[in-house]
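Per my numbering, numbering of the sequence shown is gapless, rising by one per residue and ending at 106.
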Amino acid sequence: HQSVYPQMEGYNRNMVGSSAPSFLDVRTPIKLPDALRGEKYAFVALPVAEFMPGGGVNGESIGMGRLCALPSDVPGDAFVQGVVILSARAKALASWLAG
């Protein structure tokens with residue numbers, strides 16, 4: 008891995024072993040309370056165009072939580088991957104995940 012990662016696009020030698028903030032907000036995982044577990048899961052993908060102005064996904068249509076900003080140069084026919092969690096306790100689960 009020491010010879011592969013430095014050759015990859017976007018590799019930044021200064022980020023190795025540093026405490027500099029990353030684009031990812033990585034935290035120690037916390038166990039989900041049993042009462043909030045989903046009954047069914049589905050892996051999904053939506054076109055980026057759905058997240059752009061005029062698309063079906065916006066701050067008003069997502070319910071709880073917030074959307075992350077997408078770079079403006081992402082093509083509209085690219086896909087955003089995600090996981091849908093189906094649960095009878097959806098509102099409590101969404102609230103817990105939103106923090």
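Ideal Cβ placement from N, Cα and C applies to all residues, glycine included.
query, result
"Using 8 Å as the threshold, is the segment 43–63 in touch with the segment 76–91, meaning 3 or more CB pairs across them?", "yes"
"Under the assumption that L93 contacts E46 (Cβ atoms under 8 Å), give the Cβ distance between them as a whole number of angstroms.", "6 Å"
"How many angstroms separate the CA atom of L100 from the CA atom of R44?", "7 Å"
"Output the residue ranges of the beta strand (DSSP E) runs that lie fully inside the segment 61–96 and measure 3 residues or longer, sorted by chain position.", "86–93"
"Identify which residue in V91, P60, G70 has its Cα closest to the Cα of L77.", "P60"
"Can you tell me which of the three DSSP states P54 falls into?", "strand"
"Could you tell me whether the Cβ atoms of F50 and V90 are closer together than 8 Å?", "yes"
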